[in-house]
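Participant: In the numbering used here, each number is its position in the sequence shown, counted from 1, plus 27.
Ideal Cβ positions, reconstructed from N, Cα and C, are used throughout, including at glycine.
All values reported here derive from a predicted model rather than from experimental measurement.
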Amino acid sequence: MGYDVAIVGAGPAGSTAAIFLSKKGFKVALIDKSNFPRDKPCGGGLPAHVLKKFGDIIPNNLIESHSYGGTTFSPSQKYQIKHITDDPFTSMVLREKFDYGLVKEAIKNGAEFKPGKKVIDIEILKEKGRLIFEDKTSIESNIIIGADGVWSTIAKKTGLSNKNSKIGFSVVEEYELDEVTMEKYFGKKRLGYIHSKFQNLAGYGWVFPKKIHLNIGVGEIIYKRRGKESANLKEIYKSYITLLKKQKLIPESIKIKKLKGGALPVYPLKKTYSNRVILIGDAGGFINPTSGEGIYYAMASAKIAAETIEKSLKIGDNSERFLSNFQKKWKKEFGTELKIFYFISKRQQKWKNREKNLMLIFKDEKLKNLLMETMAGNLDLNKCKWKILKRYIYASIKNKLSKS
Ligand SMILES: Cc1cc2nc3c(=O)[nH]c(=O)nc-3n(C[C@H](O)[C@H](O)[C@H](O)COP(=O)(O)OP(=O)(O)OC[C@H]3O[C@@H](n4cnc5c(N)ncnc54)[C@H](O)[C@@H]3O)c2cc1C
Numbered sequence: 028m029g030y031d032v033a034i035v036g037a038g039p040a041g042s043t044a045a046i047f048l049s050k051k052g053f054k055v056a057l058i059d060k061s062n063f064p065r066d067k068p069c070g071g072g073l074p075a076h077v078l079k080k081f082g083d084i085i086p087n088n089l090i091e092s093h094s095y096g097g098t099t100f101s102p103s104q105k106y107q108i109k110h111i112t113d114d115p116f117t118s119m120v121l122r123e124k125f126d127y128g129l130v131k132e133a134i135k136n137g138a139e140f141k142p143g144k145k146v147i148d149i150e151i152l153k154e155k156g157r158l159i160f161e162d163k164t165s166i167e168s169n170i171i172i173g174a175d176g177v178w179s180t181i182a183k184k185t186g187l188s189n190k191n192s193k194i195g196f197s198v199v200e201e202y203e204l205d206e207v208t209m210e211k212y213f214g215k216k217r218l219g220y221i222h223s224k225f226q227n228l229a230g231y232g233w234v235f236p237k238k239i240h241l242n243i244g245v246g247e248i249i250y251k252r253r254g255k256e257s258a259n260l261k262e263i264y265k266s267y268i269t270l271l272k273k274q275k276l277i278p279e280s281i282k283i284k285k286l287k288g289g290a291l292p293v294y295p296l297k298k299t300y301s302n303r304v305i306l307i308g309d310a311g312g313f314i315n316p317t318s319g320e321g322i323y324y325a326m327a328s329a330k331i332a333a334e335t336i337e338k339s340l341k342i343g344d345n346s347e348r349f350l351s352n353f354q355k356k357w358k359k360e361f362g363t364e365l366k367i368f369y370f371i372s373k374r375q376q377k378w379k380n381r382e383k384n385l386m387l388i389f390k391d392e393k394l395k396n397l398l399m400e401t402m403a404g405n406l407d408l409n410k411c412k413w414k415i416l417k418r419y420i421y422a423s424i425k426n427k428l429s430k431s
């Protein structure tokens, strides 16, 4: 037997699993098709609960800066809602540096890092699991973790992926500026902007200021295909930059150079385990579809996977039946909140008068704070009774509409 655990994908999910498992003394291979450091199209915003729960494995120097909130614009830009906090609302990272930093932590704890190795197939045998690489080499392990992102090869090859999964698409570019300019436009509190439903997007445009970088993107999740009118994100991005300059929210010097596209899952896969296999992070479909935020869920699912695998290796049971404990645990820890975010995200798109509805919610101080606290991960939605909450959200929107 080669390894106790082979992890495919060295993004935040894979590295976190590698850190926890290596710390426990297991023999871990952390594999990625890319050579590191590698970049990943992303906003790089970590909601407050990431540092609260994983601060001990994230070295301080991987956090560029903190943002203390910002302004959300309504679809017509007629209304603005400011949300400014005393404590950091979001911590900002540069994915190239952050992901490599976590890989180095995994190596420091004993994991063997294998960059530039693309997995093309997986074999699950009675005694072991085997990963086959594009260069025709292979490795064997007791358990395999699929942390290989939204287009996961491991999910496909094990029959766990869902062909009808909805996918979100975004385009993003990160611009390097200087600290004086950053402070002039975004202040010490690095206040950002969200333009909801910009140009009828089923999503939003964002401006995330970091220490000396400015991350600007647009993205959407389409629940119902709009046929030919499906958004041309590159064109929308150009208009977004024009608007931001017109509103004097960003410097004139910003020029689009290296726009990158990226995809996001929308909802967890029905089954995130099979014999000798567990799927974590984007590969498992763990993301908040209202915001597109997935780093927290990548790390949280990795920790749960590591705990389940530790037990499985100790008792020598790597059957599908035993690994189903992984799914039970993530459902308990964050399953309900993902259901709620999915519900909200899908509902919003059906609203006929999105402008009015969004503003009704945002103008309600209590509901606004509830949403913002939820986004920051300060509220444990999993303790809510989902059916009661759903009824509450429906009733409050209905009630507000009838009064408006
Ligand atoms: C434009 C955009 C903006 C986003 N903004 C935010 C944000 O601000 N905050 C936030 O929390 N989330 C954000 N997300 C989501 C976030 O990027 C993901 O949820 C997160 O990266 C998931 O981590 P992961 O480790 O599961 O997957 P990934 O980070 O995608 O890592 C997967 C790794 O697997 C490797 N891999 C893939 N296939 C193979 C293979 N066959 N063999 C070997 N290796 C393989 C890849 O090279 C990659 O390194 C954004 C996503 C996009 C697209």
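1. Between Glu161 and Pro64, how many whole angstroms is the CB-CB distance? I'm expecting something under 8 Å.
2. Over the uninterrupted alpha helix (DSSP H) stretch that includes Glu320, give me the two end residues.
3. Using a Cβ-Cβ cutoff of less than 8 Å, which residues in the same chain neighbour Ser301 once the five nearest sequence positions on both sides are dropped?
4. Looking at the strands, I want to know which residues DSSP matches up with His240.
5. Check for me: the beta strand (DSSP E) holding Gly288 runs from which residue to which?
6. Considering only the beta carbon of each residue, do Leu218 and Leu241 sit closer than 8 Å?
7. Excluding sequence positions up to five away, which residues of its chain have a Cβ less than 6 Å from the Cβ of Thr335?
8. Could you check which residue in Val77, Ala332, Ser223 and Arg303 has the C-alpha nearest to that of Thr99?
9. Which of helix, strand or coil does DSSP assign to Ile281?
10. When we look at the beta-carbon of Asn315 and count the other beta-carbons within 10 Å, is it buried (16 or more) or exposed?
11. Taking the Cβ atom as the reference point for each residue, do Glu139 and Ala44 lie within a distance shorter than 8 Å?
12. Should the region 32-47 be regarded as contacting the region 295-309, the criterion being three or more beta carbon pairs within less than 8 Å?
13. Can you tell which of Lys145, Tyr30, Thr117 and Lys105 has the C-alpha that lies nearest to the C-alpha of Lys54?
14. For Gly173 and Glu279, I'd like the C-alpha separation in whole angstroms.
15. Cβ of Gly244 within 7 Å of any heavy atom in ligand 1?
16. Using CA atoms only, rank isn't needed, just tell me which of Gly312, Ile134 and Asp175 is closest to Ile149.
17. Counting only the same chain and skipping the five closest in sequence on each side, list residues whose C-beta sits under 8 Å from that of Lys51.
18. Have a look at the DSSP bridge pairing and note the partners of Met399.
19. Could you check what DSSP says for Glu161 in three-state terms: helix, strand or coil?
20. Report, in whole angstroms, the separation of the C-beta atoms of Val35 and Ile181, which I expect to be a contact under 8 Å.
21. With DSSP as the reference, label Ser346 as helix, strand or coil.
22. Have a look at Ile322 and Thr208 and give me their C-alpha separation to the nearest angstrom.
23. Taking 7 Å as the limit between beta carbons, can you name the residues of its chain near Val399, skipping five residues before and five after?
24. I want to check one thing, is the minimum distance from the CB of Ile58 to the heavy atoms of ligand 1 below 7 Å?
25. Taking the C-alpha atoms as reference points, what is the distance between Glu256 and Glu154?
26. Going by the CB atoms, is the gap between Gly71 and Gly195 shorter than 8 Å?
27. From Arg157 to Ala329, what does the alpha carbon distance come to, in whole angstroms?
28. What number of angstroms, rounded off, separates the C-alpha of Pro74 from the C-alpha of Tyr231?
29. Can you determine whether any heavy atom of ligand 1 sits closer than 7 Å to the C-beta of Gly176, and answer yes or no?
30. So, helix, strand or coil for Ala33, using DSSP?
31. Which residues bound the beta strand (DSSP E) around Ala56?
32. Go through its chain and collect everything with a Cβ distance to Ala290's Cβ below 6 Å, but skip five positions before and after it.
33. I'd like to confirm something about Pro278: is its beta-carbon nearer than 7 Å to some heavy atom of ligand 1, or not?
34. Quick one: Cα of Asp59 to Cα of Lys163, how far?
35. So, at 7 Å on beta carbons, what are the nonlocal neighbours of Lys261 in its own chain, with the 5 sequence-adjacent residues on each side left out?
36. Suppose you measure from the CA of Tyr264 to the CA of Ile283; what does that come to, to the nearest Å?
Facilitator: Checking against the coordinates, here is how it stands:
1. Your pair Glu161 and Pro64 does not check out as a contact, with CB atoms roughly 21 Å apart and the cut at 8 Å.
2. Looking at the DSSP string, Glu320 is not in any alpha helix (DSSP H), and its letter there is neither H nor E.
3. Ile151, Thr185, Gly186, Leu187, Glu347 and Leu350
4. Glu203
5. Lys287 to Pro292
6. no
7. Asn352 and Phe353
8. Ser223
9. coil
10. With 16 or more other Cβ atoms within 10 Å, it is buried.
11. Between Glu139 and Ala44, the gap from beta carbon to beta carbon reaches 8 Å or more.
12. yes
13. Tyr30
14. 43 Å
15. Yes, the beta carbon of Gly244 sits closer than 7 Å to at least one heavy atom of ligand 1.
16. Asp175
17. Same-chain partners within the cutoff: Ala333 and Glu337.
18. According to DSSP, Met399 bridges with nothing at all.
19. coil
20. 5 Å
21. coil
22. Each residue's Cα considered, the two are about 28 Å apart.
23. Per the sequence shown, residue 399 should be read as Met rather than Val. Counting only Cβ-Cβ distances below 7 Å, and skipping sequence neighbours, we find His110.
24. yes
25. Caution applies to Glu256, whose pLDDT of 47 falls short of 50 and renders its modelled position unreliable; the value that the coordinates give is listed next. Taking the straight line joining both Cα atoms gives about 51 Å.
26. no
27. 21 Å
28. 17 Å
29. Distances between the C-beta of Gly176 and the heavy atoms of ligand 1 include at least one below 7 Å.
30. Reduced to three states, the DSSP call for Ala33 is strand.
31. Val55 to Ile58
32. Val177, Ile194 and Phe196
33. no
34. 15 Å
35. For Lys261, where only same-chain residues beyond five positions count, the Cβ hits under 7 Å are Val198 and Leu286.
36. 9 Å
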